[in-house]
Amino acid sequence: MRRLDPSVTAGGEAGPARCPYCGGTNTEREHPKGPSLCRSIHYCEDCGEPFEAMA
Ligand SMILES: [Zn+2]
Numbered sequence: 001m002r003r004l005d006p007s008v009t010a011g012g013e014a015g016p017a018r019c020p021y022c023g024g025t026n027t028e029r030e031h032p033k034g035p036s037l038c039r040s041i042h043y044c045e046d047c048g049e050p051f052e053a054m055a
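For the sequence shown, full-length UniProt numbering gives the first residue as 1, with consecutive numbering after it.
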């Protein structure tokens, strides 16, 4: 049997997005505002920059 390890990024489904500025995964997902449901807003805690990522 295998246990799912939440620290493993296997495809990016419901996982932390990678910051396009510093490449770190210390990001927080924010609620999307507007009708764009296919995109989500993430916020990097390392460099403090918000960025959009495909959900
Ligand atoms: Zn960053």
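Glycine residues also receive a C-beta, built at the ideal position from the N, C-alpha and C atoms.
Buried or exposed (CB count within 10 angstroms, at least 16 for buried), residue i
i	result
Cys44	buried
Cys47	exposed
Gly11	Unreliable placement is indicated for Gly11, whose pLDDT of 49 sits below 50; the coordinate value is still reported in the next sentence. It is exposed - the Cβ of Gly11 has fewer than 16 other Cβ atoms within 10 Å.
Residue-level contact to chain C via CB, residue i, 8 Å cutoff
i	result
Arg2	Any reference to chain C falls outside this structure, which holds one protein chain only.
Beta-carbon gap between residue i and residue j smaller than 8 Å
i	j	result
Glu30	Ile41	yes
Backbone secondary structure at residue i - three-state DSSP
i	result
Tyr43	strand
Ala17	coil
Glu52	strand
Residue span of the beta strand (DSSP E) that contains residue i, given as start and end
i	result
Glu30	27 to 30
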